[in-house]
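Working notes, beginning with the structure itself.
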């Protein structure tokens with residue numbers, strides 16, 4: 017089955033630690049996205065990538081980093097510079113441009 | 588002004604009624620519009636896409652788009668308790684490179 021796989025489902029971060037959230041898709045989509053969702057709020061864009069080896073900052077990129085070395089993979093690192101990382105993180109992909117995005121099941125990140 | 592605005596709700600309707608969800612957007616050049624449903628604790632799932640002015644129907648769902656008024660809506664006919672969820676409006680801005688989401692409207696359908 018084609019889809020987007022995010023792992024882990026739950027993640028805990030210690031003070032001063034960097035953590036990496038995985039996102040893999042087998043839909044052959046060119047574009048991939050990372051969003052953050054806080055309770056009762058909409059989705060805020062962290063980073064997106066339209067093609068391999070290229071990515072752009074979204075509205076809340078500070079404290080996060082990404083890479084796009086393969087078309088299928090778009091990992092997100094939450095660095096220690098992100099002081100309030102507790103949130104629901106969603107990865108999405110789309111064919112390109114204006115086409116609808118499809119989401120993975122998300123990763124819940126909490127601070128220990 | 589937020590890029591995409593929705594009434595946060597909660598919106599409560601009785602089972603079998605029509606639920607009407609509204610969304611306005613600020614980028615007049617936006618071309619693509621989407622409605623997602625998000626159950627509590629789950630990821631959003633796409634339920635409707637609309638690209639041109641007018642109505643688009645899919646089963647019990649109808650999306651309506653008015654670009655002149657920068658307004659998009661979702662009607663859910665014969666609402667069921669299983670429709671209880673948060674509905675997110677999403678708009679692709681004129682640069683077509685990403686998608687902007689509203690904060691969502693929480694819908695409760697009471698049996």
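Residue numbers (the numbering used here), protein chains in the order written: chain A, 17 to 128; chain B, 588 to 698.
The C-beta atom is built at its ideal place from N, Cα and C for all residues, glycine as well.
Extent of the continuous beta strand (DSSP E) to which residue 50 of chain A belongs:
47-53
Measuring CB to CB, does residue 125 of chain A end up less than 8 Å from residue 51 of chain A?
no
Determine the extent of the beta strand (DSSP E) in which residue 59 of chain A is found, giving its start and end residues.
59-67
If contacts are defined as beta-carbon pairs under 8 Å, then residue 658 of chain B and residue 622 of chain B qualify, I think. What distance do you get, rounded to the angstrom?
About 13 Å; that fails the 8 Å criterion.
Express the C-alpha separation of residue 112 of chain A and residue 93 of chain A in angstroms, rounding to a whole number.
23 Å
Among the residues of its own chain, which have a CB less than 8 Å from the CB of residue 91 of chain A, if the five just before and after it don't count?
36, 37, 38, 39, 82 and 83
So which of B:602, B:596 and B:609 has the shortest CA-CA distance to residue 677 of chain B?
B:609
Residue 646 of chain B versus residue 634 of chain B: straight-line alpha-carbon distance, rounded:
11 Å
Coil, strand or helix - residue 116 of chain A by DSSP
coil
Opening and closing residue of the beta strand (DSSP E) in which residue 26 of chain A lies:
26-29
When B:613, B:606 and B:649 are compared against residue 697 of chain B, the one with the closest alpha-carbon:
B:606
Counting only the same chain and skipping the five closest in sequence on each side, list residues whose C-beta sits under 6 Å from that of residue 670 of chain B.
663 and 696
With respect to the beta strand (DSSP E) encompassing residue 90 of chain A, which residues constitute its N-terminal and C-terminal limits?
No beta strand (DSSP E) contains residue 90 of chain A, which DSSP labels as neither H nor E.
Checking the sheet assignment: what are the DSSP bridge partners for residue 653 of chain B?
B:658
By alpha-carbon positions, which one of A:119, A:128 and A:127 ends up nearest to residue 19 of chain A?
A:119
For the stretch 603-657 of chain B, list the beta strand (DSSP E) runs that are entirely contained and at least 3 residues long, ordered along the chain.
606-612, 619-625, 632-637, 641-645 and 648-653
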